Each structure stands twice: as structure tokens, then as C-alpha cells.
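Residue numbers (the UniProt record's numbering): 1 to 317.
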């Protein structure tokens, strides 16, 4: 029954072939602020050619940025939405992101954590209520740009803080867009996969949200699916809709133990085929790449080789 349901879901997303995706993340950097409409069109066209139908903009901006940077964000988002609409694509917009997230949640000070959650929750809610993006033809929903895992959120005290924060953002997202928001999750190496499933069981008892499961293969290899299995089974048992994030990069071995640095290269086509073999039977509502740009649509020779193999493996019209 799972395989049949999965087949129907993938067909709706245009993912009925060997290699295709329903969407891709796009992480906005300073360079994107200067992109023209033509440059946005080229980027989206490259993703569209690989079967991508939806883009998840990781965040619309960074909390605490100088005002000139924020002033440049709205035209960037407008161009992205306009160009996506022209190409028949949809866009999920990530809320403003606070870069202090990892530093704050790693500290034992629960009072500071509570203050941080209140501030980010209020900022995210205010942003959703103040913009008109949900009325755009290409808008597909809000994305909450904070990754949830069991190492920092596994205790009862922290879950009790996480639930109202996430519920507040979810309620605002639904009120402003009529759609449940999405949020990413992964299984930390520091705790068991069973604990991750327990955290999400509590969250889903109180919050309407779409979990996006990061497969973690770009860092930990294909065996990382085993860490996700307790959460995967729980979601299937509950009948909760979820997305699967397929990482299309490979972290370089010499970057594994360098804090603050991330160096990677495009994944091999053979590894991606193994990931897609799992993804097609996983029961996800959407399969989302992380990330077509730059790892597959980029200008490097490795990206070009992967792109060529990907196109050759796509279903023919």
C-alpha cells in the first residue's frame, strides 16, 4: 500500500522517473541582492529543466542586518516570485533568520533561551502579518528557517518551550497564508533516533506543521537513513504528511572537523541514484533537493557532469 500511495504522490509532483525533484532549497547570499530579472530567470530555468517545481527560499533576510540590506530584500523577493510565476513554479518563503540560533540553544541558560524564542517568534509573526507575499501567484507557503533536532530539544523542559514557540509561528503562518508552514529536522549524532521521534510526537500533538526530513547523506553517507527510521516510522503511523530533503552535495573529508567552515562538492550521480531509490519508496509528499543551485546547476565541471547525467536519467515526455 505504501508503494502505491508513493507512486501517486510522485506522479503529482512530476517525479515519476529515475531522477527528478519536486523542489529545491535556495540559500540567498549577498550576491543575490544584485541579481537582475534575467539572472533570476536563468537560475530558475536551470532548476525547472531538472524537474523542479517549487523553490524554498531559506530565509528572506537576517535579523539584525543593516537597514540597507533589508531594503534590498523586498526587490529580491519580488523578482524571485515574479520570475517563478512566469515559469509556472512556486516559492516557499523562509522567515527572517537569527544567526544566534545555534549559539543560544547550545547554552544551558534556559532564561536566555526563553527570551530568544520570544523575540524570534514575535519577529517572525510580525513579518508574516506585515507583508503581502501570500497574495502573489507564485507563493506556496511559509518556511520556518530553524532546524530542529533531538540533541538540543530532547529534554522535557526544552520541549515545553519549543511547543508554544512553534505553535505561535504555525498559527500565524496559517492565518496569513491558509497553509501549514514547513520546518526542517535532522537526526543528531549525539542522541538516538528514538528520541527524535519522541520530540516530534509531542510537537505534532500540539502544532500543525509540515516536517521536512533531511536525509543527511551529504555529510554522513547513505547509512544515515537508519538514524531517521524511528521518526520515519512514527510519521507514517500517524499519517502525517512530510517532505524528504535529499542532499545533493558531498562534504569534503578535510572539512569534517573544521568548526565554522563548510566545504563540499557535487555528489556523484551513483550516490544520488541510491538516494532516489530510497526516496521513491519513502512515503514523502515532496522530494526536495538541497540544493540544485549551486551543486547541480553551478558552473563547475563536477556540476556540469552531474547535470548531464541527471538530465539523461529524467523521464522523457
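Backbone N, C-alpha and C fix where the C-beta goes; we use that ideal spot for every residue, glycine too.
Values in this document were obtained by computation on a predicted structure and should not be read as measured data.
Secondary structure at residue 49: coil, using DSSP grouped into helix, strand and coil.
With fewer than 16 other Cβ atoms inside 10 Å of its own Cβ, residue 155 counts as exposed.
Secondary structure of residue 71 (DSSP, three-state): helix. Secondary structure remark: continuous beta strand (DSSP E) runs of at least 3 residues inside the stretch 155-188, in chain order: 182-185. In this structure, residue 141 keeps its C-beta atom at 9 Å or more from the C-beta atom of residue 314. Our two residues, residue 26 and residue 160, have alpha carbons roughly 31 Å apart in a direct line. Sixteen is the threshold: when 16 or more other Cβ atoms of the shown chains lie within 10 Å of the Cβ of residue 89, as they do, the residue is buried. One alpha carbon belongs to residue 113, the other to residue 65, and they sit about 21 Å apart. Assigned with DSSP and collapsed to three states, residue 202 falls in helix.
For residue 242, the three-state secondary structure derived from DSSP is coil.
A contact between stretches requires three or more CB pairs, one per stretch, nearer than 8 Å, and the stretch 177-191 meets this requirement with the stretch 125-145. The bridge partners DSSP lists for residue 287 are 244.
In the displayed model, residue 24 falls within a strand according to three-state DSSP. Nearest neighbour of residue 267 by Cα position, chosen from 304, 167, 280 and 278, turns out to be 304. For residue 269, there is no enclosing beta strand (DSSP E); the enclosing alpha helix (DSSP H) covers residues 269-279. Collapsing the DSSP output to three states places residue 232 in a helix. For residue 218, the secondary structure class from DSSP, reduced to helix, strand or coil, is helix.
Distance between residue 101 and residue 146, taken at the CA atoms: about 8 Å. The residues 137 and 138, in chain order, have a CB closer than 6 Å to that of residue 85 in the same chain once the five nearest residues on each side in sequence are set aside. Following the DSSP letters along the chain, one finds residue 124 inside the alpha helix (DSSP H) bounded by residues 110-130. In this structure, residue 55 and residue 36 do not form a Cβ contact; the two beta carbons are roughly 17 Å apart against a cut-off of 8 Å. Membership of residue 142 in the beta strand (DSSP E) is indicated by the continuous run 139-148.
Where residue 266 is concerned, the enclosing beta strand (DSSP E) starts and stops at 264-266. Counting of Cβ neighbours within 10 angstroms places residue 275 among the buried residues, the total reaching 16 or more.
The beta carbon of residue 61 sits closer than 6 Å to those of 70, 73 and 96, all from its chain and outside the five residues before and after it, given in chain order.
Ranked by how close their Cα comes to the Cα of residue 150, the residues 122, 43, 131 and 192 have 192 in first place. Secondary structure of residue 136 (DSSP, three-state): coil.
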